[in-house]
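Engineer: If you're matching them up, the sequences are chains A and B in order.
Just so it is clear: in the first sequence, position 49 is 1228 by the working numbering, and no numbers are missing.
Just so it is clear: in the second sequence, position 127 is 324 by the working numbering, and no numbers are missing.
From the three backbone atoms N, C-alpha and C, an ideal C-beta is built for every residue, glycine too.
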Amino acid sequence: MNGKMKEKQKKGLIRDWIFLGISIIVAGTLMLIFPDKREVITSTSSQFFMEMIWILPAVMILMGLFSVWVPQETVVKYLGKSSGIKGITLALLFGALPTGPLYIAFPLASGLIKKGARVSNIVIFLSAWGCIKIPQELVELQFLGAKFMAARLVLTIVFVIIMGISIEKITEWQNKKTNKTQGSEDNESI
Amino acid sequence: MKLTVIFINVFALCCLLFALYKDKAKTKKALIITLRSFIRIIPAILMIILLIGFLVGFLPENGIAKISDEHSGFFGVFLTALLGAIMHIPSLLSFPLAASLLENGASYAIVATFIVSLTMIGTITLPLEIKELGKKVAILRNGMSFIIAIIIGLIMGAIL
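Structure (structure tokens):
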């Protein structure tokens, strides 16, 4: 399983570098065809490159530290049994700390549901994982400014909590409805 | 140098020193992970940076601003949310892309919607999400994320 994952990652890496090579060739050709655009393209790209390179090592170090210090077992241990405000806070926190793309979190979330975690907390956890990660927020601060970052962070937290609770209510209500018509055999179908 | 850059680097450095003080072996492991993910993300970063250069170079002057103005209302935000939902790029890279759109005249509403929709909705990974979490939760989560991306964008547009 682990070997397979590594193999897949390696393939992905090679594919990314091939894509990059193709992009550079296409970019070079386009710049040859449109020499008047060369100036603006290179200056824009190098400006963004500089902005990125000044913060990227720091951001990546933070991601590395979080991934070792907040292992998935810890998340499962604490999030599985918490509810109420404590559950919501933990879901936000544990979503915002670990790193990796969102799809890594799906099996984790599925394990949490089997352990009896509330649907609201799972949805909040997944949303926090997707869009309010601390290293991501730092990149947002760098590129979009403090006001933008803070406003989006607050709004996202508020709406994500509302969404989590609504989805839980909807699934509960639907489960009740099917229970009434079918008896209470399989309300654990999730 | 920008204050933000100093803040981010000092923050990371403090965390790193604290980690070293706490547990050297674990920190070493973390730094190896850092190096590995660094190598993994470099091609994607360079591609996005090239893409931004070409976006700015080839879109007509104020082209984005014009589109953004013409569809500044609900429709523009709706289209942006759709675009963000379909695109599949590392979320770390959505911010420089969003910044380049903003610099070229896109509205705050558009940019905020794009970020939220891109980071929360995964159309490509939806089959995996359905398999792991069930149809009901997965579809509700993605659907409602789409709606809140639009709401957040509209509020951001109003307050910024």
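Span of the alpha helix (DSSP H) holding B/L280?
Structural biologist: Counting along the chain, the alpha helix (DSSP H) containing B/L280 begins and ends at 271-283.
Engineer: Which residues in the same chain as B/A241 place their Cβ atom closer than 8 Å to its Cβ, once the five residues preceding and following it in sequence are excluded?
Structural biologist: For B/A241, where only same-chain residues beyond five positions count, the Cβ hits under 8 Å are I286, P287, L290.
Engineer: Near B/N339, what residues of its chain come up, given a Cβ to Cβ distance below 7 Å and the 5 sequence neighbours on each side ignored?
Structural biologist: The residues are I318, L323.
Engineer: Between A/F1213, A/F1327, A/P1214, A/I1197, which has its C-alpha nearest B/I239's C-alpha?
Structural biologist: Nearest C-alpha to B/I239: A/I1197.
Engineer: When you compare the CB of B/A303 with every CB in chain A, is at least one pair closer than 8 Å?
Structural biologist: No, its Cβ sits nowhere closer than 8 Å to a Cβ of chain A.
Engineer: Does any residue of chain A have a CB that is nearer than 8 Å to the CB of B/I345?
Structural biologist: Judged by the 8 Å Cβ criterion, B/I345 is in contact with chain A.
Engineer: Tell me, please, whether the CB atom of A/V1298 is closer than 8 Å to any CB atom in chain B?
Structural biologist: It does: the Cβ of A/V1298 has a partner Cβ on chain B nearer than 8 Å.
Engineer: Could you check whether the Cβ of B/C212 sits closer than 8 Å to any Cβ belonging to chain A?
Structural biologist: So yes, B/C212 belongs to the interface.
Engineer: Determine the DSSP secondary structure at A/V1339, reduced to helix, strand or coil.
Structural biologist: Residue state, collapsed to three classes: helix.
Engineer: Who are the near neighbours of B/F275 in its chain, counting only those whose CB is closer than 8 Å to its CB and skipping five residues on each side?
Structural biologist: So the list reads I347, once near-sequence residues are dropped.
Engineer: Measure how close the beta-carbons of A/F1338 and B/I349 come, nearest whole angstrom, since I'm counting them as under 8 Å.
Structural biologist: Yes, they are in contact, since the Cβ atoms of A/F1338 and B/I349 sit about 6 Å apart, within 8 Å.
Engineer: Just to confirm before moving on: does the CB-CB distance between A/R1217 and A/G1266 stay below 8 Å?
Structural biologist: No; because the gap between Cβ atoms is not below 8 Å, this pair is not in contact.
Engineer: Whole angstroms are fine: how far does the CA of A/G1279 sit from the CA of A/E1367?
Structural biologist: Confidence at A/E1367 is low in this model, with a pLDDT of 47, below 50, so the placement of that residue is unreliable and no value is reported for it.
Engineer: Does DSSP put A/F1213 in a helix, a strand or coil?
Structural biologist: The answer is coil: DSSP assigns A/F1213 none of H, G, I, E or B.
Engineer: Report the neighbours of A/Y1282 on chain B: residues whose CB is nearer than 8 Å to its CB, in chain order.
Structural biologist: Correct list: G319, T322, L325, E326.
Engineer: Check B/K199 in the structure and name its three-state DSSP category.
Structural biologist: Coil, per DSSP.
Engineer: Tell me which residues of the region 1307-1326 of chain A have at least one Cβ-Cβ distance to chain B shorter than 7 Å, keeping chain order.
Structural biologist: Going along the region 1307-1326 of chain A in chain order, one finds G1309, C1310, Q1315, L1317, V1318, E1319, L1320, Q1321, F1322, L1323, K1326 with a Cβ nearer than 7 Å to chain B.
Engineer: Spatial neighbours of A/M1210 within its chain, please: C-beta separation below 6 Å, excluding the five flanking residues on both sides.
Structural biologist: Hits under 6 Å: R1217.
Engineer: Taking the straight line between their C-alpha atoms, what separation do you get for A/A1275 and B/E329?
Structural biologist: The straight-line gap from Cα to Cα measures roughly 21 Å.
Engineer: Count the other CB atoms within 10 Å of the CB of A/R1194; is the residue buried (16 or more) or exposed (fewer)?
Structural biologist: So A/R1194 counts as exposed.
Engineer: Going by alpha carbons, who is nearest to A/L1281 out of A/K1294, A/K1359, A/I1311, A/G1207?
Structural biologist: Closest option to A/L1281, Cα to Cα, is A/I1311.
Engineer: How about A/T1253: is its C-beta nearer than 8 Å to some C-beta of chain B?
Structural biologist: No - not a single Cβ of chain B is within 8 Å of the one on A/T1253.
Engineer: Taking 8 Å as the CB-CB limit, is A/L1272 close to chain B?
Structural biologist: No, its Cβ sits nowhere closer than 8 Å to a Cβ of chain B.
Engineer: Which chain A residues are close to B/L243, counting only those with a beta carbon under 7 Å from its beta carbon?
Structural biologist: What B/L243 touches in chain A: L1199.
Engineer: If we define contact as Cβ-Cβ less than 8 Å, is B/K333 a contact residue for chain A?
Structural biologist: Yes, B/K333 lies at the interface with chain A (some Cβ there is under 8 Å from its Cβ).
Engineer: Check the Cβ-Cβ distances between A/M1180 and every residue of chain B, and say whether any is below 8 Å.
Structural biologist: Residue confidence for A/M1180 is low, a pLDDT of 45 falling below 50, so the modelled location carries little weight and cannot support an answer.
Engineer: Residues of chain B with a CB under 9 Å from the CB of A/L1192: which are they?
Structural biologist: What A/L1192 touches in chain B: I236, R237, P240.
Engineer: For B/I352 versus A/L1332, is the C-beta distance shorter than 8 Å?
Structural biologist: No. Outside cutoff.
Engineer: Are three or more beta carbon pairs between the region 1342-1351 of chain A and the region 1313-1329 of chain A nearer than 8 Å?
Structural biologist: As far as the Cβ criterion goes, the region 1342-1351 of chain A does not touch the region 1313-1329 of chain A, which means the pair count is below three.
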